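In what follows, a structure is listed as structure tokens, so that the remarks can point back to it.
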Amino acid sequence: MTQTRPTAEVPAPTRPWHATQAPPRPPALTMAVATASSVIALTLLVAIGEWSHQVLLIPPLAASMALIAGASQTPLGQPRSVIGGQLVSAVTGFLVLAVLGQGVWSSGIAGGLALGAMMLLRVAHSPAAATAVIVAATGPSVAPFLALLAAATVILVLVGLVGNRINKQAYPVFWW
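First residue of the sequence shown: 126, per our numbering; consecutive thereafter.
See the structure below:
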């Protein structure tokens, strides 16, 4: 009868509690250009909104610009997802608004359904779910809201295109 010796387990390497697995910080110039692109795009929306007496900057668009400038290589930051996701989510919000009326319950349902609609249409863009919430909560006029949202997303993508080119990053990875 052969007796096997227990093998000693080799402990996994330990790392200090404060060590991070986060990606490295981008170069300073890359961060500066991304930040400047975001400031320019969002203040451009404010300026156009002030000039036209319309609200053009809504909070989800700031999050969209963060993806365009700071995560431009991800599917969520591509023009198809930014523009399509925002419009699909707004339409979802309007459909929920038409069926259930304006309110907080409608807003929650609209935000959730927006994710499903974006995934179905392959335009997933996480900030856009908040657009559906805003539509169901506030009940804006359909045509003006959709037109302004489309214009705003195109402006964000165009400014992002310039900023990413300055940063020598291929953007977009895909248009459609």
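Glycine is no exception: its CB is placed at the ideal position from the N, C-alpha and C atoms.
Since we're looking at a predicted model, the values are computed, not measured.
*Tell me, please, whether the region 238 to 254 touches the region 279 to 294 by the rule of three or more beta-carbon pairs shorter than 8 Å.*
no
_For M190 and S214, believed in contact at Cβ under 8 Å, the rounded distance_ = Your numbering for residue 214 matches position 89 in the sequence shown. Your numbering for residue 190 matches position 65 in the sequence shown. Contact doesn't hold; Cβ gap of about 16 Å is too wide.
*4-residue-minimum alpha helix (DSSP H) runs that sit fully inside the region 154 to 221, ordered along the chain*: 184 to 195
*Tell whether a beta-carbon distance below 7 Å holds between F219 and V258.*
One-based indexing of the sequence shown puts residue 219 at position 94. One-based indexing of the sequence shown puts residue 258 at position 133. No. Outside cutoff.
*Kindly indicate the opening and closing residues of the alpha helix (DSSP H) around P269.*
As a first step, residue 269 is located in the sequence shown; it is residue number 144 there, counting from the start. Here the alpha helix (DSSP H) through P269 covers V267 to I291.
_Between which residues of its own chain and S231 is the CB-CB distance below 7 Å, once the five residues before and five after are set aside?_
As a position in the sequence shown, residue 231 is number 106, starting the count at 1. The answer, listed in chain order, is V221, L222, L225 and A261.
*Cα separation between A157 and P149?*
Within the sequence shown, residue 157 is the residue found at index 32, counting from 1. Within the sequence shown, residue 149 is the residue found at index 24, counting from 1. The alpha-carbon atoms of A157 and P149 are separated by roughly 16 Å.
*Mapping DSSP to helix, strand and coil, what is L246?*
Locating residue 246 in the sequence shown gives position 121, counting from the first residue. The answer is coil: DSSP assigns L246 none of H, G, I, E or B.
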